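Since the structure comes first, as structure tokens, the remarks are kept for the end.
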Amino acid sequence: MTQTLDAALASRFAATALGHVTREYPNHIMHVLTGPQDARTPRDMHPIFFGSFDWHSCVHGWWTLFTLYRLHPGMAEAPAIRVLADDLFTAEKVMGEAAYLARPEARGFERPYGWAWLLMLAAEVERHDTDEGRRWAEILRPLAGIFADRFKAFLPLADYPVRTGTHYNTAFALRLTLDYADVHDPDLAALCRDAARRWHAEDRDCQAWEPSQDEFLSPALMEAVLMRRVLSPDDFAAWFDAFLPALSEGRPASLLTPARVSDRADGKIAHLDGLNLSRGWCWREIIAAFPVGDARRAIGARAAAAHLDAALTHVTGDYMGEHWLASFALLALLEP
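Residues in the sequence shown are numbered consecutively from 25, following this note's numbering.
Below, the structure is given as structure tokens:
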């Protein structure tokens with residue numbers, strides 16, 4: 025399969041996302057009930073992000089749609105994206121999303137994965153230099169502000185990183201958040217960089233005991249991607265060589281070898297397709313820090329291609345993967 029975001033692939037991803045961002049059921053809700061009055065439907069709790077099986081997948085489903093709409097405005101799905109965005113991204117519905125977050129029980133809702141994706145979405149919408157784009161961006165800003173403030177309150181309390189390969193991974197969250205914060209919130213950007221250095225500056229000789237059975241992120245490579253964003257090129261090169269000192273010898277082999285996905289109808293096992301996609305993204309980001317001809321660049325390029333070849337054909341086909349994998353495929357195919 026092609027490893028570039030051509031018009032045909034953009035259209036395929038857009039059609040897939042349009043098919044699930046308003047699909048309310050099945051739905052996996054993360055919701056604390058304090059009494060029977062809190063038994064509510066996904067659409068009632070989340071007037072914008074009620075589809076795509078869960079809240080965070082709906083958020084990054086919309087990131088996928090807005091990104092493709094900007095990059096391929098002539099695709100057949102563009103009018104449907106525009107109409108649906110105008111229907112859902114309204115001040116009233118943003119207020120509904122904010123009202124849910126104001127519940128005391130929602131303090132940790134979607135932390136940190138959903139927080140970061142919402143800010144990634146906001147950063148994308150802010151790139152749309154059109155009348156409709158500016159309207160959508162203005163409408164979304166209050167919600168982005170809520171999550172930026174949550175990060176500002178949380179990061180000073182976060183003494184330790186979370187290195188798991190699932191939604192709680194803090195390196196992934198900070199890497200996405202910096203796409204928003206570097207442009208729109210310098211105070212948050214400074215906090216993200218400070219946290220990254222506190223957590224990871226002294227990490228050495230990563231063993232990369234991965235993958236686990238349901239990971240969709242590489243704990244090792246996500247850390248490297250974050251540090252590439254945080255450090256100067258020279259400092260990153262030195263850090264990376266200490267972090268993965270045996271890379272030139274093909275070790276850890278686990279980071280260079282795509283994961284096997286034994287059952288794509290199993291939602292957790294299907295995470296491994298996401299791992300292959302996100303590793304492809306990570307390797308492409310990492311090698312962009314090194315000059316052409318550098319051995320590290322060649323090793324990473326081969327690993328990126330292998331991981332994308334293993335996963336791109338499986339982005340659609342079963343809803344357990346289909347409701348979210350296009351976002352990770354798109355991350356991997358964008359220019360680093």
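Virtual Cβ for every residue (Gly too), placed ideally from N, Cα, C.
Keep in mind it's a predicted model, so treat the numbers as computed, not measured.
- When DSSP states are grouped into helix, strand and coil, E309 belongs to the helix group.
- The C-beta of E148 has 16 or more other C-beta atoms within 10 Å across all chains shown, which makes the residue buried.
- For T91, the three-state secondary structure derived from DSSP is helix.
- Q27 and L42 have their C-alpha atoms roughly 22 Å apart.
- About 12 Å separates the beta carbon of L202 from that of L179, a gap too long to meet the 8 Å contact definition.
- Here W87 is buried. Its C-beta has 16 or more other C-beta atoms within 10 Å.
- Annotated as proximal: S278 and A232, with beta-carbon spacing under 7 Å.
- For R165, the closest C-alpha among the options P315, V207, A146, D173 is that of A146.
- By the 16-neighbour rule on beta-carbons within 10 angstroms, I53 is exposed.
- Per DSSP, R320 is one residue of the alpha helix (DSSP H) stretching across 319-335.
- In the three-state reduction of the DSSP assignment, E359 falls in the coil class.
- Remark: C-beta atoms of Y137 and M69 do not approach each other more closely than 7 Å.
- Contact between R275 and P360 fails: their C-beta atoms lie close to 24 Å from each other, not under 8 Å.
- Fewer than three Cβ pairs drawn from the region 252-264 and the region 283-300 lie within less than 8 Å of each other, which leaves the two stretches out of contact.
- I170 carries a helical assignment under DSSP once its states are collapsed to helix, strand and coil.
- When the Cα atoms are used, T40 and L29 turn out to be separated by approximately 15 Å.
- Put simply, the region 227-242 touches the region 295-313. At least three CB pairs are less than 8 Å apart.
- Excluding the 5 residues flanking it on each side, T340 has same chain C-beta neighbours closer than 8 Å at R36, T40, E346, L349, A350, in chain order.
- The beta carbons of R252 and A313 sit closer together than 7 Å.
- Taking the Cβ atoms as the reference, R67 lies roughly 4 Å from F74, within the contact range of under 8 Å.
- One thing to note: M246 has its Cβ within 7 Å of the Cβ of A195.
- Here DSSP, grouped into helix, strand and coil, assigns Q27 to coil.
- The residue from T46, D153, P269 with its alpha-carbon nearest to that of I105 is T46.
- Straight across, the Cα-Cα distance linking R159 with L357 is about 28 Å.
- A straight line joining the alpha-carbon of D110 with that of P103 spans about 11 Å.
- With 16 or more other Cβ atoms from the protein chains shown falling within 10 Å of its own Cβ, R199 counts as buried.
- In this structure F113 touches I72 by the C-beta definition: roughly 7 Å separates them, less than 8 Å.
- Collapsing the DSSP output to three states places G59 in coil.
- Setting aside the 5 residues that flank it on each side, W139 is surrounded in the same chain by F171, R174, F175, A197, each with a C-beta closer than 7 Å to its C-beta; the list follows chain order.
- Per DSSP, reduced to three states, the secondary structure at N300 is helical.
- For C216, the uninterrupted alpha helix (DSSP H) segment begins and ends at 210-224.
- Restricting attention to alpha helix (DSSP H) runs no shorter than 4 residues, the region 89-146 encloses them at 102-112, 115-125, ordered along the chain.
- With a cutoff of 7 Å on beta-carbon distance, A244 and C230 are scored as near each other.
- Membership of F73 in any alpha helix (DSSP H) is not indicated, and neither H nor E is assigned to it by DSSP.
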